[in-house]
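Student: Residue numbering for the sequence shown follows numbering that gives the first Met the number 0, beginning at 0 and increasing consecutively. Backbone N, C-alpha and C fix where the C-beta goes; we use that ideal spot for every residue, glycine too. Model, not experiment: these values are computed from the prediction.
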Amino acid sequence: MRTIRKRLLALLLTAAMLGTLFTGLPLASAASEALGNVTDAAVDGNTLLLTIDSGGSASDLLTLEVCQDNILRVDYQPESVEPSPDTPIIDPELTWDTTTATEIDITGDPIVIQTDGMRIEISRTPCRMTVMQADGTTLFWEPESGGIYHDGVRFVRAESSNMYGIHGFDCFSDNGNLLRNDNSSTAAAGQQGNSGGPFMWSTAGYGILVDSDGGYPYTNSTDRKMEFYYGGTPAEGRRYEKEDVEYFIMLGEPKEIMAGFSKITGTSPMMPKWSLGFSNFEWDIDEDEFYEMVELYRAKNIPIDGYAFDYDWKRYGDDNYGEFTWNTDNFPSAASTQLREDMESKGIKMIGITKPRVVTKLSDGTPTEQGVDAEAGDYFYPGHYEYTDYFLPVTVRSIDPYKAAERNWWWLHSQDAFDRGIVGWWNDETDKVSSNGADYWFGNFTTAFISQAMYEGQREYTDDSIRVWQTARNYYPGTQRYATSIWSGDVATQFYKGERVSWAAGLNEQKAAMLSTINNGQPKWGSDGGGFNQNSGNIENPSPELYTRWLQFASMSPVFRVHGTNHQQRQPWYFGTTAEEVTKSAIQQRYSLIPYMYSYEREAYDSGLGLVYPLLFGYPDDENVADYSDAWMFGEWLLVAPITERGQSVKWIYLPEGTWIDYNRGTVYEGGQYIPYSLNSESWTDIPMFIKEGAIIPKQDVQDYVGQETVDHVTVDIFPSGRETSFRYYDDDGETYDYEDGVYFTQEISAQGTGNTEVKIGAVDGSHNSGLDYYYLAVHGQAATEVTSNGSLPYYDDYNALLAAPGEGWTVGKDVYGDVTYIKAYAASDSNSTYTLEGSSPVDADGQTYEAEYASLFGASTDTQASVNQNHSGYSGAGFVDKLEAAGAGVTFYAKVANAGDYDVTFRYANGDAAERSLSVYVNGAYIGKTIMPSTGHWDTWADCLMQLPLAAGNNIITLKHEDASGDTGYVNLDSCTVPFYPEVITAEAENAALYGTAGTNQDHWNYSGSGFVDGMTSAGAGAEFEITVPKDGSYEASIRYCNGTQATKDLNLYVNGSYIETISFGSIGGNWNEWQELTQTLELDEGRNVVALRYDSSNSGNVNLDKLSVKTEPDATISVPLVDNGGFERDTSQSSAWTEWHPDGQAVAYGVDSGSGTNPPESPYAGDKRAYFYSGSAYQQSIHQGINLPNGTYTVQAWIKVSNTAPDIGRMEVTGYGGDSIYVDMPYAGTGWRLVETDITVTTGYLDIGFYCSSLGGTTVHIDNVKILNK
């Protein structure tokens, strides 16, 4: 009778919630039942037992158990009903320390429970609870008209209580928020990327977890209600019914609340260390392609650990358990263990997709063995009937992993796949069936049980020798116990929802999806890097910019992976040189941070909070971060804010209180404010990252895959503060579960000091022999005059000498952050060590040298990669790089600078041949030109080669490559690359400045530099602020490039570091807004960071366009200006350019500009995001031309061109009008890929015309990119 009454009320409540409830009716009115008076109270250890008048024949029972000093378990038994078994939310291994110091006073009214972490008061008449901090501060309470009852809990929370948890966002959601102050969403695992559960918590210092299979949480900011109702059966069904109401209260800071949640529901086991690396997921692949892709990853030195196969790996649709069986037609080597052995030797871990269904009938209606066995074993999911699969015309039916027997059966048939190499499980579609009219929900615990099958099965099968890795696409509390991550579902290849399709989320929506999932208790989240699909009927690969920005974002996520729909590639080299170089840089950076990240993998096991979490965890009292998802913490010491918007030129980033240091530029900021962060909008190299003062960040040399070599040294960047800070360095074997038995390696590293600094390394804890010999400590902010540790340590002349030293020692140097003291310190000591840095003497250095042997070495194949050698003398460091004789071989240096600008970069090389040699130089993926390296006479003789390179502020990718496409010779040895700290000319593009008022970016005029210019300087309050970092106090010559087409002089006010300097007049040379001018100004700047502003104040006339601000650090430096308008075809295609197209009358135009994303594989630009193309399936003639005014002189005209499909009758670059004979340079042969086409000319007319012409019988595709005119 009671159950019927309860469910009837629940149905009424559900109807109310779906109808009029949220339009004003109080929630409590849906059911009037509430607790009566306390009739008896008893204490049993740390447990309070209350008997309560129910108004019926049997009393209500209320149990309050102190689990630990900040966790209270509450169980309500209406009319003394027997408690129901726990749902799988609760860790079945959960135990509590019963020695928690607790005082329970039942003598008065209220009854009081007091611990060091909380105070609970229970009034007797009626029985109502108030939850307080230990000091008596009220957090929330049961109102007289509410409280616990047979269908849930009802509280009122204190003011200023921000709520979190409850639900995440699926792949169909709009961009969401983190706050849950006004929530009416259900508590459910949800579909496709969602997460949720009966867990809600507040930065005010508390959380509530209800043990329930779904339900209805409700929060309201108006009357501050915080309630949860079991309610009626939710859409996903309910497999666990509860007769009692059981919940937990957790008090403390957000990290303590999450630790409590994880204690109750179970922490995430440590996944294999390789899972912190990069993984390529792919649909439509066979063995030949697989081997080719792995070879290219390795040849290009792009680290990768995991490779996942969709349907292709197995015989899905076949009889005899085809769902579990390797498809040896696609992967012949999987017929034995050969494929597994080959991939193990290459460091690749194979991941296979699974689906929670089996084929029951073949396409001809024949029953399958697996279908018959599942029926006999009662393994089918209740309420799910047979349906036709969407992928193949076979009949399938969902399995039911809630049953232990089915889980055993599932693993048993997965063992053979595991034996042949599948070591990761991609558990797809455990949320919902949507196929050919079938529409079935899975229950909230389906993902957990599927994961449990594989987790427990593999652990037992391997005797705990191989860790489990899994991913699925929804989450409910408890799932994390079974070594599974979550991914965000079938997101679309777009920057934001609605950009291309309206039904699916894009990149920008992933931030809130990730952080809300972490708020729900799942620390391990990832997404389909690049986007999965559109379902628009069109082929829509990600553009190069979208691909790059998505991978940068993914590199700052817990799980780093790419994936695309059927037939689509997601390898970096399919998206052009810019995308390839920049994404490779992000992947390399991720791999350098493996020691840092792995320590947080352990933290997730210990406390439930892992690598990534919202800023509100660390700054719960800062309202600016209460609903902020544009940045997050990447471990305790790095704040990251990846770019997720197309064409973004500036990102406003909030930095919480404290001091923050730009990870890539070295700039120091004070927190508690939003900062405008200028971006490199041309080549997307920016991943805004900020170091928290006091940071201790361990890094390692980048490896092709995790575990490729023993890590015998770790570099530790230390940024000391006035308070002691610490980092727990952690390592283990990365593969087994021995860490559960203490087989690990951990050391506490701490530092303190703003003058003299003290660094401490604690004694080793644990029994794992990690192979770590040394920490290379880089203590920033101080160039010490002495370092002691049980006496003075030996000093070495430079960093290379220190690394080569046989034991401990120290030296000083300088990098983008300033002065630094390097200490080579013993690791793995059984005793504590202290290193004291005394004194400070600034280092006199103009630049930083990057040794080639530590750079990224690559080639066209693994056999022709550049390599490190020591077989000649005279090199610096530990060796030099050779094997640059093969086309495709090269070296990439990663260099950090504070400013964008033109840098005189020095390459140290040896050329023992008699003839000069050449390599191509790329910066951030863009071809710059050849560097000519004359003979040095002998291979033991080294020389310097100087080349001016345009670097971006922050991290830069400097590549020297033997490029066959540009005619290089190669065959030189490289020793090092030296990059000055400051350029000859600092360049601050206006579109990357902080803009105010009506100022905005535009591209609707020609001949600007960078990716655009600033207009809208037309009303008071408009302004542009440029950030400039200079080496010393002094006067600097600056140039403002502007356009004034008003035909009248206009003015703006100039400010430096907030102080008004003067009013600047901008003359006009006519009414053409495409003609730019230079205005020279002397600026008085301070050493370090300066802000230079141009403002339209009320006294100004404004109405000028701004292109860039250039500041000379060398008086004789030359400021560069673009000669070709839109030479990279990057301008928005809705805007005009100086290019004019021609085609014969009566013929359709055969010219366009796009990113090449509409084919499989994409026909991407050579560099950047777009390129021009000629194409028609029928005969065509097509040309584009641009006339250019320029000073007389000698120039090189060049372009990158690719011809494919049918060879043209005529294909050429045309240069005319310069004062000499017309020059026609043939385009490359069809099918030879991108090639450099160039010619030298001498201009005598102050003009030239550059063009491209193709005449084809049809079917010829011509791609044109990176058109440049270079002054020789």
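Whole angstroms is fine: what's the gap from I3's alpha carbon to G231's?
Tutor: Residue mapping note: residue 3 aligns to position 4 of the sequence shown, counting from 1. Residue mapping note: residue 231 aligns to position 232 of the sequence shown, counting from 1. Caution applies to I3, whose pLDDT of 37 falls short of 50 and renders its modelled position unreliable; the value that the coordinates give is listed next. Using only the alpha carbons, I get a separation of about 12 Å.
Student: With Q847 and V984 assumed to form a contact (beta carbons below 8 Å), what rounded beta-carbon distance in angstroms separates them?
Tutor: Position 848 of the sequence shown, counted from the first residue, corresponds to residue 847. Position 985 of the sequence shown, counted from the first residue, corresponds to residue 984. That belief does not hold up - the Cβ atoms of Q847 and V984 are roughly 19 Å apart, past 8 Å.
Student: Near G1127, what residues of its chain come up, given a Cβ to Cβ distance below 6 Å and the 5 sequence neighbours on each side ignored?
Tutor: For the purposes of this step, residue 1127 is taken as the residue at position 1128 of the sequence shown. Hits under 6 Å: G1167, N1265.
Student: Residue range of the beta strand (DSSP E) that A894 falls in?
Tutor: Taking the first residue of the sequence shown as 1, we reach residue 894 at position 895. First-last of the beta strand (DSSP E) with A894: 889 to 896.
Student: Can you tell me where the beta strand (DSSP E) with S1163 in it begins and where it stops?
Tutor: Taking the sequence shown and counting its residues from 1, the one referred to as residue 1163 is at position 1164. Taken as a continuous stretch (DSSP letters only), S1163 belongs to no beta strand (DSSP E), as it is neither H nor E.
Student: Tell me, please, whether the CB atom of K523 is closer than 7 Å to any CB atom in chain B?
Tutor: No chain B appears in this structure, which consists of one protein chain only.
Student: Let's test the definition: count the other Cβ atoms within 10 Å of the Cβ of A783 and tell me whether it reaches 16, buried, or not, exposed.
Tutor: For the purposes of this step, residue 783 is taken as the residue at position 784 of the sequence shown. With 16 or more Cβ atoms within 10 Å of its Cβ, A783 is classed as buried.
Student: Is DSSP giving S556 helix, strand or coil here?
Tutor: Within the sequence shown, the letter at position 557 stands for residue 556. It is coil, neither helix nor strand.
Student: Alpha carbon to alpha carbon, how far is I347 from D901? Give it in angstroms, no decimals.
Tutor: Reading the sequence shown from its first residue, position 902 is the one you call residue 901. Reading the sequence shown from its first residue, position 348 is the one you call residue 347. Straight-line Cα distance between these residues: approximately 41 Å.
Student: Do you know offhand how far T266's Cα is from W95's?
Tutor: Sequence index remark: in the sequence shown, residue 266 carries index 267 (1-based). Sequence index remark: in the sequence shown, residue 95 carries index 96 (1-based). For T266 and W95, the distance between alpha carbons rounds to 15 Å.
Student: Please report the straight-line C-alpha distance between S866 and Q67, rounded to a whole angstrom.
Tutor: Along the sequence shown, read from residue 1 onward, the residue named residue 866 stands at position 867. Along the sequence shown, read from residue 1 onward, the residue named residue 67 stands at position 68. Straight-line Cα distance between these residues: approximately 57 Å.
Student: Going by beta-carbon coordinates alone, are G321 and Y229 separated by less than 7 Å?
Tutor: Residue mapping note: residue 321 aligns to position 322 of the sequence shown, counting from 1. Residue mapping note: residue 229 aligns to position 230 of the sequence shown, counting from 1. No, Cβ-Cβ distance for G321 and Y229 is not below 7 Å.
Student: Rounded to whole angstroms, what is the Cα-Cα separation between G54 and I105?
Tutor: Taking the first residue of the sequence shown as 1, we reach residue 54 at position 55. Taking the first residue of the sequence shown as 1, we reach residue 105 at position 106. Going by the C-alpha atoms only, they are around 23 Å apart.
Student: Decide yes or no for the touch test of the segment 928 to 935 against the segment 881 to 888: beta carbon pairs closer than 8 Å, at least 3 of them.
Tutor: Too few Cβ pairs lie closer than 8 Å, so no.
Student: State buried or exposed for A877, treating a residue as buried only when at least 16 other CB atoms are found within 10 Å of its CB.
Tutor: Taking the sequence shown and counting its residues from 1, the one referred to as residue 877 is at position 878. By the neighbour-count rule (16 or more Cβ atoms within 10 Å), A877 is not buried but exposed.
Student: Under a three-way DSSP split, which group does N955 fall into?
Tutor: In the sequence shown, the residue the question calls residue 955 occupies position 956. Of the three classes helix, strand and coil, the one that applies to N955 here is strand, per DSSP.
Student: Identify which residue in Y310, V432, M453 has its Cα closest to the Cα of W410.
Tutor: Here residue 410 refers to the residue found at position 411 when the sequence shown is read from its first residue. The option with the nearest alpha carbon to W410 is M453.
Student: Going by beta-carbon coordinates alone, are Y773 and K823 separated by less than 7 Å?
Tutor: Translated into positions along the sequence shown, residue 773 becomes position 774. Translated into positions along the sequence shown, residue 823 becomes position 824. Result yes, Cβ atoms of Y773 and K823 sit closer than 7 Å.
Student: Based on DSSP bridge pairs, tell me the residues matched to G1219.
Tutor: For this step, residue 1219 is matched to residue 1220 along the sequence shown. Note: G1219 sits in no beta bridge, so no partner.
Student: Could you check which residue in T1081, E1074, A1092, D963 has the C-alpha nearest to that of Y995?
Tutor: Locating residue 995 in the sequence shown gives position 996, where the first residue counts as 1. Considering only alpha carbons, the answer is A1092.
Student: Would you mind working out which of I165, L49, A100 sits nearest P125, comparing C-alpha positions?
Tutor: On the sequence shown, residue 125 is found 126 positions in, with the first residue counted as 1. That would be L49, whose Cα lies nearest to the Cα of P125.
Student: Return the CA-CA distance between A375 and T353, expressed in angstroms with no decimal places.
Tutor: Looking up residue 375 in the sequence shown gives position 376. Looking up residue 353 in the sequence shown gives position 354. Answer to the nearest angstrom: the Cα atoms are 22 Å apart.
Student: If you drop the 5 nearest sequence neighbours on each side, which residues of the same chain put their C-beta closer than 6 Å to that of P641?
Tutor: Residue 641 sits at position 642 when you count from the first residue of the sequence shown. Within the same chain, P641 has close Cβ partners Q551, F552, M555, I686.
Student: In the DSSP assignment, find the alpha helix (DSSP H) that holds S1203 and state where it starts and stops.
Tutor: One-based indexing of the sequence shown puts residue 1203 at position 1204. Per DSSP, S1203 belongs to no alpha helix (DSSP H); it is in the beta strand (DSSP E), 1192 to 1204.
Student: Note down the Cα distance separating S191 from T666, rounded to an integer number of angstroms.
Tutor: Numbered from its first residue, the sequence shown carries residue 191 at position 192. Numbered from its first residue, the sequence shown carries residue 666 at position 667. Here residue 191 is Gln; the residue named in the question, Ser, does not match the sequence. Rounded to the nearest angstrom, the two C-alpha atoms are 40 Å apart.
Student: Under three-state DSSP, which class holds K1271?
Tutor: Position 1272 of the sequence shown, counted from the start, is the residue given in the question as residue 1271. Three-state DSSP puts K1271 in coil, outside helix and strand.
Student: Decide if K523 is buried, meaning its Cβ has at least 16 other Cβ atoms within 10 Å, or exposed.
Tutor: To locate residue 523, count along the sequence shown from 1; it is residue 524. When all chains shown are included, K523 counts as buried.
Student: For Y673, count the other beta carbons within 10 Å of its own beta carbon; 16 or more makes it buried, fewer makes it exposed. Which is it?
Tutor: Start at 1 with the first residue of the sequence shown, and residue 673 comes out as number 674. Under this definition Y673 is an exposed residue.
Student: Can you pull the DSSP bridge partners for D1239?
Tutor: Residue mapping note: residue 1239 aligns to position 1240 of the sequence shown, counting from 1. Note: D1239 sits in a beta bridge opposite T1195.
Student: In or out: N534 buried (at least 16 other Cβ within 10 Å) or exposed?
Tutor: Translated into positions along the sequence shown, residue 534 becomes position 535. It counts as exposed.
Student: Given R314, which residues of its chain have a CB within under 6 Å of its CB, disregarding the five upstream and five downstream residues?
Tutor: Taking the sequence shown and counting its residues from 1, the one referred to as residue 314 is at position 315. Here the set comprises G321, T324, N326.
Student: With DSSP as the reference, label D1264 as helix, strand or coil.
Tutor: Within the sequence shown, the letter at position 1265 stands for residue 1264. Correct three-state label for D1264: strand.
Student: Threshold first: 3 residues or longer. Then list the beta strand (DSSP E) segments lying entirely within the segment 762 to 788, N to C.
Tutor: Counting only runs of 3 or more, we get 773 to 779, 785 to 787.
Student: Below 8 Å on the Cβ atoms is my guess for E1024 versus A993; work out the distance and round it to an integer in Å.
Tutor: Indexing the sequence shown from 1 puts residue 1024 at position 1025. Indexing the sequence shown from 1 puts residue 993 at position 994. About 4 Å; that satisfies the 8 Å criterion.
Student: Can you tell which of G505, E807, S159, G808 has the C-alpha that lies nearest to the C-alpha of K496?
Tutor: Here residue 496 is taken as the residue at index 497 of the sequence shown, counted from 1. Closest option to K496, Cα to Cα, is G505.
Student: Based on Cα-Cα distance, which residue from P1143, W424, F171 lies nearest to W502?
Tutor: Residue mapping note: residue 502 aligns to position 503 of the sequence shown, counting from 1. That would be F171, whose Cα lies nearest to the Cα of W502.
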